[in-house]
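Residue numbers (my numbering), protein chains in the order written: chain A, 1 to 411; chain B, 412 to 642; chain C, 643 to 902. Note that CB positions come from ideal geometry on N, CA and C, so glycine has one too. Remember, predicted model here, so these are calculated numbers, not experimental data.
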Amino acid sequence: MLHYATFVFLIVFSTLLVGANKIVVSPSGEYKTVKKAIETAQPGDTVWVENGTYPEYEITVDKPVTIIGEELAIIDAQKRGYIFNITADSVSIIGLTLNNVGVSFTKDYAAIHTHNVSNFWFEGITFNNPFFAFHIERSTNGTIKNNIINGNAVLEHDSGNGIHLWHSSNIEILSNKIFQMRDGIYFEFVKHSKVIGNESKRNVRYGLHFMFSNDDEYKNNVFENNGAGVAVMFSKKIFMRNNTFQLNWGSASYGLLLKEIYDADIRENEFVQNTIGINAEGSNRVSLEKNNFMNNGWAIKFLGGCYGNKFIENNFMHNSFDVSYHGNINGNLFDKNYWSEYVGYDLDKDGIGDVPFRPVKLFSYVVNQTPETIVLLRSLFVDLINFSEKVSPVFTPDNLRDNHPLMRPVK
Amino acid sequence: MITVRGLHKRFGKLSVLEGIDLEIDSPGIITILGPNGSGKTTLIKCLLGMAIPDKGSLIFNGKDILGEWDYRNEISYMPQIARFPPNLKVIELFNMIKNLRRGGGDDGALIAAFKLEPVLDKKLSTLSGGTAQKVNIVLTFMFDSPVIILDEPTTGLDPVALLRFKKLIWEEKNKGKTILITTHIMSFVEEISDRIVFLLDGNIYFEGTVADIKTQTGENDLESAIATILQ
Amino acid sequence: MIRILKYSFFDLMRGRWSYIYAAFYFILGYALLFLNNDVSKAVITLLNVIISLTPLIGVIFGVMYYYNSRDFTELLLAQPIKRTDIFLGQYLGLSLSLSLSLAAGLGIPFIVYGLFQSPAIFDFLSLLFTGALLTFIFVALGYNIALSFEDKIRGFGLAILTWLFLTIIYDGLFLISMMIFRDYPLDKFALGAAMFNPIDLSRILILLKLDISALLGYTGAVFEKFFGTNLGMTCALGLLSLWVILPVMRIIYKSGRKDF
Chain A
1 MLHYATFVFL IVFSTLLVGA NKIVVSPSGE YKTVKKAIET AQPGDTVWVE
51 NGTYPEYEIT VDKPVTIIGE ELAIIDAQKR GYIFNITADS VSIIGLTLNN
101 VGVSFTKDYA AIHTHNVSNF WFEGITFNNP FFAFHIERST NGTIKNNIIN
151 GNAVLEHDSG NGIHLWHSSN IEILSNKIFQ MRDGIYFEFV KHSKVIGNES
201 KRNVRYGLHF MFSNDDEYKN NVFENNGAGV AVMFSKKIFM RNNTFQLNWG
251 SASYGLLLKE IYDADIRENE FVQNTIGINA EGSNRVSLEK NNFMNNGWAI
301 KFLGGCYGNK FIENNFMHNS FDVSYHGNIN GNLFDKNYWS EYVGYDLDKD
351 GIGDVPFRPV KLFSYVVNQT PETIVLLRSL FVDLINFSEK VSPVFTPDNL
401 RDNHPLMRPV K
Chain B
412 MITVRGLHKR FGKLSVLEGI DLEIDSPGII TILGPNGSGK TTLIKCLLGM
462 AIPDKGSLIF NGKDILGEWD YRNEISYMPQ IARFPPNLKV IELFNMIKNL
512 RRGGGDDGAL IAAFKLEPVL DKKLSTLSGG TAQKVNIVLT FMFDSPVIIL
562 DEPTTGLDPV ALLRFKKLIW EEKNKGKTIL ITTHIMSFVE EISDRIVFLL
612 DGNIYFEGTV ADIKTQTGEN DLESAIATIL Q
Chain C
643 MIRILKYSFF DLMRGRWSYI YAAFYFILGY ALLFLNNDVS KAVITLLNVI
693 ISLTPLIGVI FGVMYYYNSR DFTELLLAQP IKRTDIFLGQ YLGLSLSLSL
743 SLAAGLGIPF IVYGLFQSPA IFDFLSLLFT GALLTFIFVA LGYNIALSFE
793 DKIRGFGLAI LTWLFLTIIY DGLFLISMMI FRDYPLDKFA LGAAMFNPID
843 LSRILILLKL DISALLGYTG AVFEKFFGTN LGMTCALGLL SLWVILPVMR
893 IIYKSGRKDF
């Protein structure tokens, strides 16, 4: 908060220094609408919006201005379209509340829409019922920080995304809180961007969604109770670190969905109580290290087309199934992981079990074939067939194993 | 006091009682005799509600006993072989039965009479057959019930205890109680019986006093009289 | 009834079997915790032990206790006590003492190992509760078997067979039939078949706590409704109670008509 205050102060102070104007919008003052103030403003001016509700929409920002809202300054679009259309570089919007963006099946109405701009800064904005909150098109070098987005999405087809980026690059998305949108954050053709410290919860589809986006990074985020936590599709070189994926429950629910992706790095993440921790299909050369998989239905489900993925030093604890696997081994590797199901011994006391661990159970194969058999999970009969399969593998891939299972969890 | 009418009981294919009619309305000692398998114990068990009759009725003090349990407060029963819950102590068993029955129960004198003080704190599983039978006697006689039923009571008793036991029966008889006894020991029957009920193949074959049976068969002693009946 | 219950209970608590049974669980609990040092993991292993062992012990002890206490039962039958009270008292006494052995045997090592600081405490408690419920069910089944068969050998044989059927054979047939008919919609059958076996029911009761993430992975309205709402918990608990009530009612019926 102090940081934010300082920032506002600096902007106001600097505008004074360079002789820029401050235009005050208030319900009873000279400027009663934001639109009017922006029309009047010169490049570099600050538009100061005082407390009050302004029923406005389709405000075009076509010059580099800073728009600052007081704590209770609300712009209500009354479901009639965009709120801000930004077509100029170096626009900042700070601390407004933007309500009730229009809903459409043909247009992606957004509270803040940018097209072909750079150097934007959007901070501390609260969104209520946006169709889209941010729609960033063909823009670069922007920051979206400390915003709160409260959606009311119920179905996928008539809802929009929280932070939607398309053909953009070098964007930083920091410490936002996003609730109940379609996708919390959506990247399509987005490069060299960072998603750090956000919370994305209760979204109908994904907490965070990458499509055709390369060289991006997301870390320290929490994805909870979404249709699926994060989906990374048709993307390369995505770096995922120290995120929490939890409580994503349902028949098509994953902590992390990997589909047609290459060379990703997934490390130090927590996957807790998801129906499926990681669902991987066509995932290649992905390195997974030091992640925790706890109390998931399936920690990892491979659906084929996965080559050369490496799982090293992860903890697999108390999952109903650790690994479900289809097809050949394809250079996928499990090594030096901790498996709570492991019952081997360590005679030479080097911390590594002396017998390899085979994470795929026969019952997991049975459940893939006949999903209803899940009701027999942990039955004595199922334990017996798992045991016999373990002694002499027939159905499960014999060479899918961790040759150096750890005796203690990785810290 | 006790009326049995047309009592039938079968166990599977085996018909054990085939229409027993019996009227016991005066105090005294009634012995129920009969060869093995003649239905003596079954009759007693029907009286106690332990076996459930197929046909016929059992009236105790004017009430049908089927499905009832309260009337058993009026009956003391001593089973043939007494085996008790092994983990209980003798004294605990006494206390427990006293607790389950109405009307106190005086075990002190009986314990002394049968010299059971030294074993009171022993577990029932450790008792010898004779001692167990003494415990059984105390359990039966410590309640002042108007009807006493004894099933083969003399088994396993030493002569001293037997003497004491007979004395006990006389005392109870003199209090005006009705005592039903089954036994095979004819001298015992002759000595104590007021009335004999002889069962054979599920029917009452003879009913009357010891003198009656002797007269009827023309024999001088009871054993020969019984043998004559059986021939 | 309370008096009979009390005598049966204290009689059993003094017998060596309840100590052996409690000691077994004590050692098992200790060993599991000592080997893993992880309460959550120990709870999962315990699940398998409890849902197969408590039924076995319950049914065997039910049969054994009935046969062993026959003479005592006869002694009681001659006393002014209602029949129902005698058998229910004994049944409850036995079930309670076995449940107590289970709770004490497992409870002590888990408390020593910091159960109260562990998030697994509710899983552990529902495990104990389920174990107790299974004990009540299988002691009742054992009593029913013993009441129906005078012959001890046949009684014990049937008891073991009942256990074997419900723990392993039933699930085997269940699994195989689902795999054979996998092209048909099976969700109702899967839930229905589980309802008829008390061991499956109690397993599902615990799965609802331990494996809910996996259970919700199946697409199907019936499954989603069953596992996703309180319906599953309510159904399983209700049916498990029926599994106690029905055998107990048969004990009452059967014992009321039996000759001793």
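- In the three-state reduction of the DSSP assignment, A:SER392 falls in the coil class, being assigned neither a helical nor a strand state.
- CA-to-CA, the gap between A:ASN403 and A:TRP298 works out to about 21 angstroms.
- The beta carbons of C:ASN690 and A:ARG378 sit closer together than 8 angstroms.
- Inter-segment contact for the segment 725-741 of chain C and the segment 518-527 of chain B is absent: fewer than three beta-carbon pairs are separated by less than 8 angstroms.
- Nearest C-alpha to A:LEU362 among A:ASN386, A:LYS63, A:ILE59: A:ASN386.
- Membership of C:ASP653 in the alpha helix (DSSP H) is indicated by the continuous run 644-656.
- Neighbours of C:PHE714 across chain B, judged by C-beta separation under 8 angstroms: ARG494, PHE495, PRO496.
- C:LEU734 sits in a helix when the DSSP states are folded into three classes.
- Rounded to whole angstroms, the Cβ separation of A:ALA73 and A:THR97 is 7 angstroms, and the two are in contact under 8 angstroms.
- For B:LYS456, the closest Cβ of chain C is nearer than 8 angstroms.
- Taking 8 angstroms as the cut-off, the beta carbon of A:VAL286 is found closer than this to the beta carbon of A:ALA264.
- Contact annotation: in the segment 846-870 of chain C, residues whose CB is within less than 7 angstroms of a CB in chain A are ILE846, LEU849, ASP853, SER855, ALA856, LEU857, LEU858, GLY859, TYR860, THR861.
- Counting every other CB atom within 10 Å of its CB across the protein chains shown gives A:THR114 a total of 16 or more, marking it as buried.
- Taking the beta carbon of C:LEU719 as reference, the chain B residues within 8 angstroms of it are LEU459, GLY460, MET461, listed in sequence order.
- With respect to chain B, the C-beta atom of C:ILE893 has no partner C-beta closer than 8 angstroms.
- With its beta carbon at least 8 angstroms from every one in chain A, C:ARG645 lies outside the interface.
- If you look at B:TYR616, you'll find it in the beta strand (DSSP E) that goes 614-619.
- For the segment 809-836 of chain C, the set of positions with a beta-carbon nearer than 7 angstroms to some beta-carbon of chain A reads THR809, ILE810, ASP813, GLY814, PHE816, LEU817, MET820, MET821, ARG824, LEU828, ASP829, ALA832, LEU833, ALA836 in chain order.
- Chain C places a beta carbon closer than 8 angstroms to that of B:PHE422, counting this residue as a contact.
- Put simply, the CB of C:GLY731 is far from chain B, with every gap to its CB atoms at 8 angstroms or more.
- Boundaries of the beta strand (DSSP E) around A:TYR54: 52-54.
- Excluding its 5 nearest sequence neighbours in each direction, A:GLY69 has C-beta neighbours in its own chain below 6 angstroms: VAL49, GLY95, LEU96, listed in chain order.
- Under the three-state reduction of DSSP output, A:GLN246 falls in the strand class.
- Here the alpha carbon of B:ILE463 sits roughly 19 angstroms from the alpha carbon of C:LEU730.
- One Cα belongs to B:MET597, the other to B:LEU573, and the distance between them is close to 15 angstroms.
- The alpha-carbon separation between A:GLU56 and A:ILE75 amounts to approximately 6 angstroms.
- In this structure, DSSP gives B:SER468 an extended state, which the three-state scheme calls strand.
- In this structure, the straight-line span from the alpha carbon of A:ASN309 to that of A:SER118 is close to 37 angstroms.
- Contact between the segment 538-546 of chain B and the segment 583-595 of chain B is not established, with fewer than three Cβ pairs separated by less than 8 angstroms.
- Nearest neighbour of A:PHE122 by Cα position, chosen from A:LYS290, A:ASN284, A:ILE136, turns out to be A:ILE136.
- Here A:MET233 carries a strand assignment [DSSP, helix/strand/coil].
- DSSP links A:THR66 through a beta bridge to A:THR46, A:SER92.
- Among the residues facing chain B, C:TYR663 is not included, as its CB has no counterpart in that chain under 8 angstroms away.
- Between the alpha carbons of A:GLY162 and A:ASN116 lies a distance of about 19 angstroms.
- Closer than 8 angstroms at the C-beta level to chain C, one finds these residues of the segment 235-262 of chain A: TRP249, GLY250, SER251, ALA252, SER253.
- For the pair B:ILE615 and C:ALA774, the Cα-to-Cα distance works out to about 53 angstroms.
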